[in-house]
Amino acid sequence: MKLTMIKLLALLLPAAAAYGQDSLLAVFWNLENFFDYRSEAAQEYWTRGRFYSKCDAVAKTLMLVADRHGRLPDIVGFAEIENAFVLRSIVSSTLLRKAGYGIVHYDSPDHRGIDCGLLYRRQSLELTGSSPIHVHDSSGTVMATRDILLAEFDGLAVLVNHHPSKIGGKADRREAAMRRMLETADSLLSAGHERILAIGDFNDELWPPDGAGTLKYNGRWEKIDGFFSFGDFEIREEVFVHPLLLTEDKAFGGMKPRRCFVGPRYEGGVSDHLPIILEILL
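Going by my numbering, 34 is the number at position 12 of the sequence shown; the sequence numbering is gapless.
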């Protein structure tokens with residue numbers, strides 16, 4: 023990461039000093055099995071050192087986003103983090119420790135113990151409320167999957183999603199999660215929210231990839247991470263592609279996301295997903 027100390031200090035300045043309040047920068051990223059190294063779910067090869075190395079890589083990526091866009095993200099939504107300790111470690115043990123990020127997290131009923139989480143810059147956003155939104159099956163029972171994370175700010179509500187997987191996950195489970203998200207957005211609009219942003223890993227090819235997608239499966243890029251907006255505002259999106267996040271695809275050619283693990287083999291990357299960046303024009 024080629025950032026000078028002057029650039030680094032400038033990016034860590036309070037947001038209001040760096041840009042007007044007519045736009046926000048958001049990121050969503052599935053961090054692929056980012057478990058707390060102290061937990062029972064962690065395997066013996068998931069060590070403290072590897073945990074903090076991944077925290078550093080996540081922070082460096084957000085700094086690279088800031089270098090490209092001239093400011094740090096105001097909102098960062100994550101999928102596949104185990105608990106609040108993971109979020110606190112990302113913002114307190116890395117380059118981000120002076121960036122002024124707050125965290126939002128709730129434990130979900132997911133059978134693997136992975137959740138959605140959110141970071142927000144306190145200098146540019148005031149958190150006015152948050153809650154987990156359970157997903158129900160057709161009988162009304164809470165499904166053992168990730169909750170939708172709701173974070174409410176002055177002028178914007180954010181829904182962070184990680185819908186059930188296509189691997190071993192039936193289409194009706196994803197449909198239930200999508201339906202719950204849309205119902206929640208409708209309720210928020212009815213309650214007076216003017217702008218709602220839903221970000222996440224939707225585990226469906228809802229958007230055709232323009233160039234690189236966010237996930238490469240059997241040599242083919244897919245774009246399963248994205249956003250939906252509700253209300254009158256404009257969003258510009260890009261997939262963040264950077265050499266830090268890529269490795270050679272020896273099986274199919276080209277490049278692919280550099281994962282943290284492939285099975286039990288440590289690869290030293292971050293995730294099998296690439297992050298998306300959203301410029302929100304208010």
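Built from N, CA and C at the ideal position, the CB exists for glycine as well. Computed from a predicted model, the values in this text were never measured in an experiment.
Shortest alpha-carbon distance to residue i belongs to which of the options?
i       : options                            : result
Val-49  : Asp-58, Tyr-128, Leu-141, Ala-106  : Leu-141
Met-200 : Gly-233, Arg-70, Phe-249           : Phe-249
Glu-102 : Thr-116, Glu-54, Ser-61, Gly-92    : Glu-54
His-9   : Asp-159, Asp-78, Asp-223, Asp-129  : The structure shown does not extend to residue 9, since the chain is modelled only from 23 to 304, so the question has no answer here.
Ile-97  : Leu-211, Glu-174, Gly-135          : Glu-174
Gly-253 : Leu-86, Leu-171, Gly-151, Ser-209  : Ser-209
Ser-130 : Thr-163, Thr-167, Phe-100, Val-180 : Thr-167
Arg-196 : Asn-52, Leu-228, Pro-95            : Leu-228
Ser-152 : Glu-216, Leu-178, Asp-132          : Leu-178
Pro-265 : Val-292, Glu-216, His-215, Gly-285 : Val-292
Ser-61  : Ser-114, His-127, Gly-135, Thr-116 : Gly-135
Phe-255 : Ile-189, His-215, Ala-198          : His-215
Ser-206 : Pro-230, Pro-154, Pro-231, Asp-232 : Ser is not the amino acid found at residue 206; the sequence shown has Thr there. That would be Pro-154, whose Cα lies nearest to the Cα of Thr-206.
Ser-160 : Lys-188, Ile-189, Asp-194          : Asp-194
For residue i, I'd like the list of residues in its chain whose CB is within less than 8 Å of its CB, leaving aside the five on either flank, ordered along the chain.
i       : result
Asp-58  : Ala-64, Phe-73, Glu-104, Asn-105, Phe-107, Val-108
Tyr-41  : Reliability of the predicted coordinates at Tyr-41 is poor, the pLDDT of 39 falling under 50, and the value obtained from them is presented with this limitation in mind. Gly-92, Arg-93, listed in sequence order.
Pro-286 : Gln-65, Tyr-67
Lys-192 : Pro-186
Leu-211 : Ile-218, Phe-252, Gly-253
Pro-230 : Lys-245
Since residue i is in the alpha helix (DSSP H), which residue starts that stretch and which ends it?
i       : result
Met-85  : 70-91
Val-113 : 106-114
Arg-201 : 193-212
Look at the Cβ atom of residue i, then the Cβ atom of residue j, and state whether they are nearer than 7 Å.
i       : j       : result
His-118 : Ala-88  : The amino acid occupying residue 118 in the given sequence is Leu; His does not appear at that position. No. Outside cutoff.
Leu-303 : Ser-45  : yes
Asn-183 : Met-165 : no
Asp-169 : His-158 : no
Asn-225 : Ile-246 : yes
Cys-138 : Leu-171 : yes
Thr-236 : Leu-296 : yes
Ile-300 : Glu-259 : The question names Ile, yet the displayed sequence has Leu at residue 300. Contact: yes.
Phe-100 : Trp-51  : yes
Arg-280 : Leu-268 : yes
Ignore the nearest five residues each way along the sequence and tell me which others in residue i's own chain have a CB closer than 6 Å to its CB.
i       : result
Arg-70  : Tyr-59
Ala-22  : The chain is shown from 23 up to 304; residue 22 falls before or after that span and cannot be answered.
Gly-241 : Phe-274
Ala-37  : Per-residue confidence for Ala-37 stands at a pLDDT of 45, beneath the threshold of 50, marking its modelled position as unreliable; the derived number appears in the next sentence. Excluding positions up to five away in sequence, the list reads Arg-143, Gln-145, Ser-146.
Glu-270 : none
Lys-238 : Lys-278
Gly-290 : none
His-127 : Ala-106, Leu-109, Gly-139
His-133 : Ala-166
Would you kindly report the start and end of the unbroken beta strand (DSSP E) that includes residue i?
i       : result
Ser-187 : Here Ser-187 belongs to no beta strand (DSSP E), and DSSP marks it neither H nor E.
Gly-248 : 247-253
Leu-269 : The sequence shown places Thr at residue 269, not Leu. Start and end: 268-270.
Thr-150 : 149-155
Phe-50  : 45-56
Lys-120 : Unbroken run through Lys-120: none, as it is neither H nor E.
Cys-138 : 137-143
Pro-265 : That residue, Pro-265, is in no beta strand (DSSP E); it is neither H nor E in DSSP.
Tyr-67  : Element bounds for Tyr-67: n/a, residue is neither H nor E.
Pro-230 : First-last for Pro-230: undefined, no H or E at that position.
Ala-220 : 217-223
Arg-242 : 242-244
Phe-274 : Looking at the DSSP string, Phe-274 is not in any beta strand (DSSP E), and its letter there is neither H nor E.
Glu-289 : That residue, Glu-289, is in no beta strand (DSSP E); it is neither H nor E in DSSP.
Ala-101 : 97-103
Leu-303 : 298-303
Tyr-239 : 237-239
Leu-94  : Careful: Leu-94 lies outside any beta strand (DSSP E) and carries neither H nor E.
Ala-173 : 170-175
To which residues of the same chain is residue i closer than 7 Å at the C-beta, ignoring the five residues directly before and after it?
i       : result
Ile-112 : Cys-77, Val-80, Ala-81, Leu-118
Glu-148 : Phe-175, Asp-176
Ser-110 : The question names Ser, but residue 110 in the sequence shown is Arg. Contacts found: Ile-125.
Thr-150 : Glu-174, Phe-175, Asp-176
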